[in-house]
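S.K.:
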Amino acid sequence: MQNDIANQTLQILEIIGTLAFGASGLIAAARKKLDMVGVILLVLVTAFGGGTLRDILLDRAPLFWIQNEIWIWLLAGAAILIQFFVKARNIELNARAIDWPDAIGLGVFAALGTQIALDMGHSALIASIMGVITAAFGGLIRDVLVAEIPGLVNDHQLYASLAFVGGLFIWLLQYLGLDSNYSALAGALTIIAARILAMKLGWKLPSWRN
Amino acid sequence: MQNDIANQTLQILEIIGTLAFGASGLIAAARKKLDMVGVILLVLVTAFGGGTLRDILLDRAPLFWIQNEIWIWLLAGAAILIQFFVKARNIELNARAIDWPDAIGLGVFAALGTQIALDMGHSALIASIMGVITAAFGGLIRDVLVAEIPGLVNDHQLYASLAFVGGLFIWLLQYLGLDSNYSALAGALTIIAARILAMKLGWKLPSWRN
Amino acid sequence: MQNDIANQTLQILEIIGTLAFGASGLIAAARKKLDMVGVILLVLVTAFGGGTLRDILLDRAPLFWIQNEIWIWLLAGAAILIQFFVKARNIELNARAIDWPDAIGLGVFAALGTQIALDMGHSALIASIMGVITAAFGGLIRDVLVAEIPGLVNDHQLYASLAFVGGLFIWLLQYLGLDSNYSALAGALTIIAARILAMKLGWKLPSWRN
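Protein chains in written order, with the working numbering: chain A, 3 to 212; chain B, 3 to 212; chain C, 3 to 212.
1) Using a Cβ-Cβ cut-off of 8 Å (strictly less than) and excluding sequence neighbours within five positions of B/Leu154, which residues of its own chain qualify?
2) Given A/Thr192, which residues of its chain have a CB within under 8 Å of its CB, disregarding the five upstream and five downstream residues?
3) When we look at the beta-carbon of B/Gly204 and count the other beta-carbons within 10 Å, is it buried (16 or more) or exposed?
4) Name, please, each residue of chain A whose Cβ falls closer than 8 Å to the Cβ of B/Asp61.
5) Alpha carbon to alpha carbon, how far is B/Leu83 from A/Ala99? Give it in angstroms, no decimals.
6) Assuming C/Leu46 contacts C/Ala25 under a Cβ cut-off of 8 Å, what Cβ separation, rounded to an integer in Å, is found between them?
7) Figure out for me which residue from C/Asp121, C/Met122, C/Phe166 has the closest Cα to the Cα of C/Thr136.
8) Identify the contact partners of B/Ser163 in chain A, using a Cβ-Cβ distance below 8 Å as the criterion.
9) Quick one: list the residues of chain C neighbouring B/Ile58, beta-carbon separation under 7 Å, in chain order.
10) Distance, Cα to Cα, A/Trp73 vs A/Trp67?
11) Along the chain, where does the alpha helix (DSSP H) that runs through A/Pro132 open and close?
12) Tell me the rounded alpha-carbon separation between C/Ala190 and A/Ala63.
13) Please return the same chain residues whose Cβ sits closer than 6 Å to the Cβ of B/Leu60, not counting the five positions on each side in sequence.
14) Taking 8 Å as the threshold (beta carbon to beta carbon), is A/Ile135 in contact with chain C?
15) Near C/Glu16, what residues of its chain come up, given a Cβ to Cβ distance below 7 Å and the 5 sequence neighbours on each side ignored?
16) Could you give the distance in angstroms between the alpha-carbon of C/Leu28 and the alpha-carbon of B/Ile14?
17) What are the boundary residues of the alpha helix (DSSP H) that A/Arg91 is part of?
18) Closer than 8 Å, Cβ to any Cβ of chain A: which residues of the segment 96-117 of chain C, in chain order?
19) Here's the rule: buried if 16 or more other CB atoms are within 10 angstroms of the residue's CB, otherwise exposed. What is A/Gln10?
20) Tell me whether B/Asp61 sits in a helix, a strand or coil according to DSSP, three-state version.
21) Quick one: Cα of C/Leu175 to Cα of C/Ser185, how far?
22) Is the Cβ of B/Ile128 closer than 8 Å to any Cβ of chain A?
23) Under three-state DSSP, which class holds C/Leu178?
24) With burial defined as no fewer than 16 other Cβ atoms inside 10 Å of the residue's Cβ, what is the status of A/Phe139: buried or exposed?
25) Return no unless some Cβ of chain A is closer than 8 Å to the Cβ of C/Leu203.
26) Label C/Ala31 either buried or exposed according to how many other C-beta atoms from any shown protein chain fall within 10 Å of its C-beta, with 16 as the threshold for buried.
27) How far does the alpha helix (DSSP H) with C/Gly109 in it extend, from its first residue to its last?
28) To which residues of the same chain is A/Leu44 closer than 8 Å at the C-beta, ignoring the five residues directly before and after it?
29) C/Ser125 CB to nearest chain B CB: under 8 Å?
30) Inspect the beta-carbon positions of C/Ile18 and C/Ala105 and report whether they are closer than 8 Å.
31) Kindly indicate which residue of B/Gly123, B/Phe23, B/Leu127, B/Lys202 has the alpha-carbon position closest to the one of B/Pro276.
32) Please classify C/Ala268 as buried or exposed, where buried requires at least 16 other C-beta atoms within 10 Å of its C-beta.
33) With C-beta atoms as the reference, is C/Leu120 less than 8 Å away from C/Trp173?
34) Using a Cβ-Cβ distance under 8 Å, would A/Ile68 count as near chain B?
35) Which value, in whole angstroms, describes the spacing of the CA atoms of A/Ala188 and A/Leu164?
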């Protein structure tokens, strides 16, 4: 019973994250003026890439999208519909349009990846790394496929740090006795808020540069 | 007995597709004037990349090339021989030389990947996606390794569409009662013909662009 | 008992190779002036990339770094410390600084990958290919992530050849009756020596080019 609620929370996170990253792939594809099939490919790869690599590394089978193919239909259908809508209305997408779905996907997938690994009995470190992989890999392939390689090295670093620290935060909350449903949700919201704040306030990481 | 014939058909498709994509990797390597080892690497990665990713995603083990290492020897040997021959004769390979092996590999590997997933009990959608992955991933790594990234986004879209629609066609034929040997063969031939036609007639996909 | 020693030898190789490739990732990150998190990411990916792909292809689980997370802490900690040290001392790293850790990592990981596959009962060919993958894949992702794609095609060819021939050499020594501990060590040292010699003497592979 308790377990059912936990599984439900994880499933809801999976759905929100999939939709958010799917949207970010759609915006990236629209901005690059890809063909219709390229748009669908980019949406699917961005939405499912991170979870797929996580499941391969953790030796979990079958994969989420193989078991729940309804999400492939939904994302591909939405990609086609929104594409026609954007074209018909002549909507221009600026570079910031991707920021919100990306922040939501980051927080939700980081929390999901962390929680899945914790539930399998992995340590705080491995679980947080799985959060980073779930949250960052889809966007990384998205950027490679639209040939924005330099972006990898810079933008993805803050993602990775936020996802990692958020994962440790989730582990800490559970270690302190909080129910895993609430801690995963709290972690997701914290990461999203931190990402939005980082963008608004221009947070940077310490570097070699000076 | 029936099952033996089906397995034989799949094996023949595996062999034809491996040879065709191996040839396309060889031509790409020759055009980029790679060193001898680079040629062998590109041939092997192009020939085995798609099937390897498919088997990892479907949790199938052991991998085709690990179980049938004779094909590694054959492809590497052929790569070395043909390399000397092309150099001795001073043959110039133009950009179109890759089109035929690529079309054949596309059709055969799409049919193979679809059929393998259908045989495992997966749905038409998942099976067609496995066809796309089997057919497209080897060529995608090939293009990344020779640093032709922009090509990813454009050329590979028509490949993916043809492989996907071809996969649905194979599923439909079987759903209508056709034997799986004939439907896989029919699917492979249809995809190859469509690819060749698309190149000759300059078919394009609908896009955001106008 | 004999088996324990063999496992110890493999573990020592794993540790030396992990440290060497971690150092090469650190140097690459420092030269590109990455942020602190980027440095840690590059160190971890370079150190664990090859072994991870090898284990996925051979269907081995759990992964080395998931089972021995102490190495993640050590590498990340060292990356942070060395980073501050290099910055404080204003040390300039030239392009050759990466050569030694890269050569050591190459030899050790090639021997390790080969020996692991031989121990699983795979043939000389498959084992040597696993050596190549273990030795080359980490550095390959490292180069893609710092956007040095052209390097892939040229530099990595000599790596691959040395790792492959070294793998066959290890297999041969064992076939001739040498204990697997000594043959793996001898193979590692031979590959390192050959790599250093190749750099000093400017060895090249035969190519299409003339």
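Glycine included, every Cβ here is placed at the ideal spot set by N, Cα and C.
M.R.: Reading off the structure:
1) Below a pLDDT of 50, predicted positions are generally treated as unreliable, and B/Leu154, at 46, falls in that range; the measurement from the model is reported next regardless. The residues are Leu142, Asp145, Val146.
2) So the list reads Gly109, Gly168, Phe171, once near-sequence residues are dropped.
3) Answer is exposed; the Cβ neighbour count stays below 16.
4) Within chain A, the residues Ala63, Pro64 have their CB atoms less than 8 Å from the CB of B/Asp61, given in chain order.
5) In a straight line, the C-alpha of A/Ala99 is about 53 Å away from that of B/Leu83.
6) Contact doesn't hold; Cβ gap of about 12 Å is too wide.
7) C/Thr136 has its Cα closest to that of C/Phe166, out of C/Asp121, C/Met122, C/Phe166.
8) Going along chain A in sequence order, the residues near B/Ser163 (Cβ under 8 Å) are Val39.
9) Within chain C, the C-beta atoms nearer than 7 Å to that of B/Ile58 come from Ile58, in chain order.
10) A direct Cα-Cα distance of roughly 7 Å separates A/Trp73 from A/Trp67.
11) With the sequence shown as reference, residue 132 of chain A is identified as Met, and Pro is not the correct amino acid for it. 126-147 is the span of the alpha helix (DSSP H), which, as asked, contains A/Met132.
12) In this model, C/Ala190 and A/Ala63 are separated by some 36 Å (Cα to Cα).
13) Around B/Leu60, the same chain offers no residue with a beta carbon nearer than 6 Å, after the five sequence neighbours per side are excluded.
14) Under the Cβ criterion of 8 Å, A/Ile135 is not counted among the residues facing chain C.
15) Result list for C/Glu16: Phe66, Leu114, in chain order.
16) In a straight line, the C-alpha of C/Leu28 is about 47 Å away from that of B/Ile14.
17) Here the alpha helix (DSSP H) through A/Arg91 covers 72-91.
18) Contact residues of the segment 96-117 of chain C toward chain A are absent (C-beta to C-beta distance below 8 Å).
19) Label assigned to A/Gln10: exposed.
20) Note: B/Asp61 maps to coil in three-state DSSP.
21) The straight-line gap separating the alpha-carbon atoms of C/Leu175 and C/Ser185 is approximately 6 Å.
22) Between B/Ile128 and chain A, the shortest Cβ-Cβ separation is below 8 Å.
23) Correct three-state label for C/Leu178: coil.
24) Buried, because 16 or more other Cβ atoms sit within 10 Å of the Cβ of A/Phe139.
25) It does not; no Cβ of chain A falls within 8 Å.
26) Looking at its Cβ environment, which holds 16 or more other Cβ atoms inside 10 Å, C/Ala31 is buried.
27) Counting along the chain, C/Gly109 sits inside the alpha helix (DSSP H) bounded by residues 101-121.
28) Excluding sequence positions up to five before and after A/Leu44, its CB lies within less than 8 Å of the CB of Gly27, Leu28, Ala30, Ala31, Leu36, Arg144, Leu147, Val148, all in the same chain and listed in chain order.
29) Chain B has a Cβ within less than 8 Å of the Cβ of C/Ser125.
30) Pairing C/Ile18 with C/Ala105 gives a Cβ-Cβ distance that is not under 8 Å.
31) One cannot answer for residue 276 of chain B here, as it falls past the ends of chain B, which runs 3 to 212.
32) There is simply no residue 268 of chain C to check, as chain C begins at 3 and stops at 212 in what is shown.
33) Contact flag set, yes.
34) With 8 Å as the cut-off, A/Ile68 counts as an interface residue toward chain B.
35) Taking the straight line from one Cα to the other gives about 14 Å.
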